[in-house]
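Each residue of the sequence shown is one higher than the last, beginning at 5 in my numbering.
Just so you know, even glycine gets a beta-carbon here, dropped at the ideal spot from N, CA and C.
Heads up: the structure comes next, in C-alpha cells.
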Amino acid sequence: MIEITESAASRIKGMLEQQETPGMFLRLGVASGGCSGFSYAMGFDNEESDADDVYMNIQDIKLVVSKEDLKYLNGLQVDFEESGMSGGFTIFNPNAVATCGCGSSFRTREEDETLAQPCD
Numbered sequence: 005m006i007e008i009t010e011s012a013a014s015r016i017k018g019m020l021e022q023q024e025t026p027g028m029f030l031r032l033g034v035a036s037g038g039c040s041g042f043s044y045a046m047g048f049d050n051e052e053s054d055a056d057d058v059y060m061n062i063q064d065i066k067l068v069v070s071k072e073d074l075k076y077l078n079g080l081q082v083d084f085e086e087s088g089m090s091g092g093f094t095i096f097n098p099n100a101v102a103t104c105g106c107g108s109s110f111r112t113r114e115e116d117e118t119l120a121q122p123c124d
C-alpha cells in the first residue's frame, strides 16, 4: 500500500486540474541511477497497461505503479511540505536501507550493494 498525505493529495489534485489532457493520473515508479542505486519517478501520465500496472485510488487520486516497481514502493509515503516561499514533495520509503543526502535516491536490502556510488 502507498500513502499520500492530505497535503500532498491537495497539491496533486490541483496540479491534475491544470492538465489539459483528459484522463491524466499520477504515476509513481523507480529508475536505475542516483547516488544510491535507484531514484524516484513521479509524474502525470495517461497511458496504462493492464498487464504491467497496478491501479490504486488514494485520497481520490488515481495512482498507477508498474508491477515491477511496486516491490520498491510498497509502504511508501508521499507528503508535500511548505518551506518559506516554496515547497516540495517528500518521500518516506520504509524499504530503503540507504539514501543519499539529496533524498532523491535509495537502495533496498535486496539489491546488490555494488549499485551504490558515493554522492558528490
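Using DSSP bridges, identify the partner residues of residue i.
i          : result
residue 31 : 47, 68
residue 59 : 68
residue 83 : 94
residue 8  : 82
residue 36 : 42
May I ask you to report which of helix, strand or coil DSSP gives residue i?
i          : result
residue 73 : helix
residue 16 : helix
Here's the rule: buried if 16 or more other CB atoms are within 10 angstroms of the residue's CB, otherwise exposed. What is residue i?
i          : result
residue 33 : buried
residue 18 : exposed
residue 41 : buried
residue 59 : exposed
residue 45 : exposed
residue 50 : exposed
residue 73 : buried
Is there contact here, the stretch 87 to 101 with the stretch 19 to 27, by at least three beta-carbon pairs under 8 Å? Too few Cβ pairs lie closer than 8 Å, so no.
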